[in-house]
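Enquirer: Each residue of the sequence shown is one higher than the last, beginning at 53 in the numbering used here. All C-beta atoms, glycine included, are put in the ideal place defined by N, C-alpha and C. Here it is, the structure, as structure tokens.
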Amino acid sequence: MTFNQLPSEQSLFLLINFIRKKMKKALLTGFLFFTVMLITAGVSYAAKIHLKNGSVIGCKIIAFDDTSVTVINQALDIRKISRERIIKIEPPLEKSEVLKEKTKAEIPKQEEQYYVDFAEREKKLLSFYFSGGLNYINGGDLNGVIKDYKQLIQDYNEYYSTEYSVPWKELKWVPNFKGEVLVNLSRSFSVSLGIEYLTKKSKGDNTFNDSFSGTINETAFYYNYSLSDSYLEDPEYELTAIPVTFNIYYFKPINKKTEIFITAGVGYYFGKLKFNMPYQSNTEYQEDYYANDGTFLYSWTDDYSYSGTEVYEAKCNEIGFHGSVGADYMLISILSADKKPFSTISLVAECSYRYVIFKDWNGNWSDNWSWNETWGWSDIGLSEDSRSVSDSWSGKIWYYEYEDPDLEKKYKRMSLYEEQPESGQGISNIRQAKIDLNGFSFRIGIKISF
């Protein structure tokens with residue numbers, strides 16, 4: 053019968069009695085443990101136990117029998133070591149000053165252990181590692197184009213006394229996720245096969261507004277004119293990379309729960325770059341004519357607007373290299389029935405550096421836009437015309453530098469063209485675009501070993 057099957061008062065009584073017994077047992081265990089520590093500090097003998105797996109345990113022997121030896125290590129952990137695991141004990145047991153039957157009777161029976169020292173453990177064959185973090189990248193031509201675009205607007209403001217702003221951030225911190233399977237060849241060396249996922253968007257919200265007005269005086273009349281011009285574009289880059297990696301690990305324990313590691317490897321990177329830019333422009337111009345006495349005569353209007361979207365998507369695959377340093381902290385080790393580690397769960401932190409440059413981007417470009425114009429005299433009537441235009445091609449992403457004739461400075465540009473652009477008319481230094489992920493990454497994760 054369970055607690056749920058008993059009457060409520062009887063269930064409560066049994067539950068309280070159960071808790072009291074557990075508390076007494078815990079207090080008694082703690083008291084006995086403290087007593088043993090005081091006794092063993094003065095009478096136990098420092099020993100070294102050599103295990104069959106090559107480990108050497110520095111400890112104090114506090115009890116032994118035909119099947120096991122009970123020790124306490126420097127961390128005051130009490131454990132039983134099976135005789136089957138031991139090669140030799142220095143000094144031999146018959147010369148050790150150990151506590152005899154009285155002490156052994158006072159030692160509480162050891163329960164299931166929840167961890168095994170890194171230095172003592174037999175490393176499991178397989179480990180599964182999952183992590184996430186951020187990768188700080190250089191970006192190559194991609195970030196260079198965004199940076200120069202913002203510089204162009206700043207120089208334009210200084211030259212023309214305008215106040216345009218471009219809130220367009222470069223791609224710097226890229227989210228990075230990683231999954232990896234390690235084959236543990238020995239306690240110190242492992243090899244692994246993994247896959248990562250890196251992706252980041254950078255979007256600008258660029259708006260440019262201008263307005264002008266004035267009066268022109270003629271002999272028999274005058275007219276007031278006004279011009280308002282607005283242009284909006286929202287360029288967005290999305291960079292994605294999926295590397296498949298091969299790594300070699302070296303592990304070094306530094307205490308009973310922590311080990312450090314270094315790793316080096318190579319990756320095959322599947323890269324993708326998407327560019328999407330909606331844009332629209334609207335220009336409104338009007339002239340209002342008056343006789344010299346102020347009598348309104350007629351107006352001239354010319355309104356022109358257009359909108360569209362420029363899109364391209366390109367792919368590039370490259371080989372890259374990387375290396376890492378990190379630490380592995382064991383959270384828990386689950387033992388099997390024969391007291392051997394069955395599995396371990398560890399917390400991992402690592403810092404990596406990667407080197408990969410994408411330099412042969414191939415893809416497709418398209419531009420779909422439409423325009424509308426209304427113009428004419430108010431006394432005669434207005435005319436209107438409109439049209440839609442589509443264009444597309446396949447090609448490569450090319451880098452070049454454009455020199456503004458007024459500012460007399462060069463600015464980096466990049467786009468997808470069907471053919472290589474030609475030099476001239478302010479265009480120079482033409483080559484295929486290079487986009488890189490070179491930089492440091494910081495990740496934390498969980499490793500499960502079986």
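Under the rule that 16 or more other beta-carbon atoms within 10 Å means buried, what is A506, buried or exposed?
Expert: Residue 506 is absent from the model: the chain starts at 53 and stops at 502.
Enquirer: Could you check which residue in L489, K462, Q338 and K461 has the C-alpha nearest to that of S430?
Expert: For the purposes of this step, residue 430 is taken as the residue at position 378 of the sequence shown. Selected option, being the one with the closest Cα: Q338.
Enquirer: Just to confirm, is the Cβ distance from L223 to T251 under 8 Å?
Expert: Position 171 of the sequence shown, counted from the start, is the residue given in the question as residue 223. Position 199 of the sequence shown, counted from the start, is the residue given in the question as residue 251. No; because the gap between Cβ atoms is not below 8 Å, this pair is not in contact.
Enquirer: Using the Cβ count rule (16 or more neighbours within 10 Å means buried), how would you classify S183?
Expert: Start at 1 with the first residue of the sequence shown, and residue 183 comes out as number 131. Flag for S183 reads buried.
Enquirer: Exposed or buried, which one is M53 when buried takes at least 16 other CB atoms within 10 Å?
Expert: Residue 53 sits at position 1 when you count from the first residue of the sequence shown. Low per-residue confidence applies at M53: pLDDT is 41, beneath 50, and the placement is therefore not dependable, though the value from the model is reported in the following sentence. Exposed.
Enquirer: For V296, is the classification buried or exposed, using 16 other Cβ atoms within 10 angstroms of its Cβ as the cut-off for buried?
Expert: Counting from 1 along the sequence shown, the entry for residue 296 is found at position 244. Label assigned to V296: exposed.
Enquirer: So for E470, helix, strand or coil by DSSP?
Expert: For this step, residue 470 is matched to residue 418 along the sequence shown. E470: coil per DSSP, three-state reduction.
Enquirer: Less than 8 Å between the CB atoms is what I'm expecting for F410 and C368, so what's the real figure, rounded?
Expert: For the purposes of this step, residue 410 is identified with residue 358 of the sequence shown, where counting begins at 1. For the purposes of this step, residue 368 is identified with residue 316 of the sequence shown, where counting begins at 1. That belief holds up - the Cβ atoms of F410 and C368 are roughly 4 Å apart, short of 8 Å.
Enquirer: Suppose contacts are defined by Cβ-Cβ distances below 8 Å. Is R495 in contact with V197 by that definition?
Expert: Counting from 1 along the sequence shown, the entry for residue 495 is found at position 443. Counting from 1 along the sequence shown, the entry for residue 197 is found at position 145. The answer is no: Cβ separation not under 8 Å.
Enquirer: Determine the DSSP secondary structure at Q10, reduced to helix, strand or coil.
Expert: No answer is possible for residue 10: the residues shown for the chain start at 53 and end at 502.
Enquirer: Where I386 and F180 are concerned, what is the direct C-alpha to C-alpha distance, given to the nearest angstrom?
Expert: Mapped onto the sequence shown, residue 386 falls at position 334. Mapped onto the sequence shown, residue 180 falls at position 128. So the two alpha carbons sit approximately 16 Å from each other.
Enquirer: Quick one: what does DSSP say V123 is sitting in, helix, strand or coil?
Expert: Here residue 123 refers to the residue found at position 71 of the sequence shown. DSSP places V123 in strand when its eight states are reduced to three.
Enquirer: Identify every residue that forms a DSSP beta bridge with N299.
Expert: Here residue 299 refers to the residue found at position 247 of the sequence shown. Paired residue(s): S244 and G317.
Enquirer: Looking only at its chain, what residues have a beta carbon closer than 7 Å to the beta carbon of N481, apart from the 5 residues adjacent to it on each side?
Expert: Here residue 481 is taken as the residue at index 429 of the sequence shown, counted from 1. Here the set comprises Y452 and E453.
Enquirer: Please state the DSSP three-state secondary structure of D355.
Expert: The residue labelled residue 355 in the question sits at position 303 within the sequence shown. Three-state result, D355: strand.
Enquirer: Report, in whole angstroms, the separation of the C-beta atoms of C123 and I138, which I expect to be a contact under 8 Å.
Expert: Start at 1 with the first residue of the sequence shown, and residue 123 comes out as number 71. Start at 1 with the first residue of the sequence shown, and residue 138 comes out as number 86. The residue asked about is misnamed: residue 123 is Val in this sequence, not Cys. That pair is no contact at about 11 Å.
Enquirer: How about D193: is its Cβ closer than 7 Å to a heavy atom in the ligand SAH?
Expert: As for the ligand SAH, it is missing from this structure, which has no ligand bound.
Enquirer: Might you give, ordered along the chain, the residues of its own chain that have their beta carbon closer than 6 Å to the beta carbon of L284, omitting 5 neighbours on each side?
Expert: Here the question's residue 284 lines up with position 232 in the sequence shown. Cβ within range, chain order: T259 and Q332.
Enquirer: Measuring alpha carbon to alpha carbon, tell me which residue in S278, N269 and G375 is nearest T353.
Expert: To locate residue 353, count along the sequence shown from 1; it is residue 301. Checking every option, the nearest Cα to that of T353 belongs to S278.
Enquirer: On a CA-only basis, which of S351, A485, G317 and W427 is nearest S404? Give me that one, please.
Expert: Numbered from its first residue, the sequence shown carries residue 404 at position 352. Residue G317 is the option with its Cα nearest to S404.
Enquirer: Among all the DSSP beta bridges, which residues are the ones paired with L186?
Expert: Reading the sequence shown from its first residue, position 134 is the one you call residue 186. For L186, which the question treats as bridged, DSSP gives the partners P227 and F494.
Enquirer: Throw me the rounded Cβ distance for the G497 and V400 pair, which I believe falls under 8 Å.
Expert: Stepping through the sequence shown from its first residue, residue 497 is reached at position 445. Stepping through the sequence shown from its first residue, residue 400 is reached at position 348. About 5 Å separates the two Cβ atoms, so the contact holds.
Enquirer: Which same chain residues, not among the five before or five after E365, have their C-beta less than 8 Å away from its C-beta?
Expert: In the sequence shown, the residue the question calls residue 365 occupies position 313. Counting only Cβ-Cβ distances below 8 Å, and skipping sequence neighbours, we find K324, L325, K326, F327, G415 and N416.
Enquirer: Taking the alpha-carbon positions, what's the I306 to V108 distance?
Expert: Residue 306 sits at position 254 when you count from the first residue of the sequence shown. Residue 108 sits at position 56 when you count from the first residue of the sequence shown. Taking the straight line joining both Cα atoms gives about 15 Å.
Enquirer: Would you identify the three-state DSSP class for I198, choosing helix, strand or coil?
Expert: For the purposes of this step, residue 198 is identified with residue 146 of the sequence shown, where counting begins at 1. If DSSP states are grouped into helix, strand and coil, I198 belongs with the helices.
Enquirer: Can you tell me whether D488 is helix, strand or coil according to DSSP?
Expert: For this step, residue 488 is matched to residue 436 along the sequence shown. If DSSP states are grouped into helix, strand and coil, D488 belongs with the strands.
Enquirer: Where does G191 land, buried or exposed, given buried means 16+ other C-beta within 10 angstroms?
Expert: Translated into positions along the sequence shown, residue 191 becomes position 139. Classification of G191: buried, given that the 10 Å Cβ count is 16 or more.
Enquirer: How big is the Cα-Cα spacing for V243 and G378?
Expert: As a working note, residue 243 is residue 191 in the sequence shown. As a working note, residue 378 is residue 326 in the sequence shown. The straight-line gap from Cα to Cα measures roughly 16 Å.
Enquirer: Please name the residue or residues paired with A25 in a DSSP beta bridge.
Expert: Residue 25 lies beyond the residue range present for the chain, which begins at 53 and ends at 502; the question has no answer from this structure.
Enquirer: If you draw a straight line from the alpha carbon of S351 to that of N209, how long is it in whole angstroms?
Expert: Here residue 351 refers to the residue found at position 299 of the sequence shown. Here residue 209 refers to the residue found at position 157 of the sequence shown. Distance between the alpha carbons of S351 and N209 is about 33 Å.
Enquirer: Tell me which same chain residues have a C-beta within less than 6 Å of the C-beta of S357, skipping the five on either side of it?
Expert: Stepping through the sequence shown from its first residue, residue 357 is reached at position 305. Within the same chain, S357 has close Cβ partners N334 and N424.
Enquirer: Using only CA atoms, which one of F492, F502, I449 and K461 lies nearest to R483?
Expert: Within the sequence shown, residue 483 is the residue found at index 431, counting from 1. Measuring from the Cα of R483, the nearest candidate turns out to be I449.
Enquirer: For the beta strand (DSSP E) containing F116, list its first residue and its last residue.
Expert: Position 64 of the sequence shown holds residue 116. F116 -> beta strand (DSSP E) spans V108 to F116.
Enquirer: How do the stretch 229-242 and the stretch 257-276 stand: do at least 3 beta-carbon pairs fall below 8 Å, yes or no?
Expert: Result no; under three Cβ-Cβ pairs closer than 8 Å.
Enquirer: Given a cut-off of 8 Å, decide if K304 and M382 are closer than it, judged by their beta-carbon atoms.
Expert: As a first step, residue 382 must be located in the sequence shown, where it is residue number 330. As a first step, residue 304 must be located in the sequence shown, where it is residue number 252. Against a cut-off of 8 Å, the Cβ pair of K304 and M382 comes out as no contact.
Enquirer: Count the other CB atoms within 10 Å of the CB of D193; is the residue buried (16 or more) or exposed (fewer)?
Expert: Translated into positions along the sequence shown, residue 193 becomes position 141. It is buried - the Cβ of D193 has at least 16 other Cβ atoms within 10 Å.
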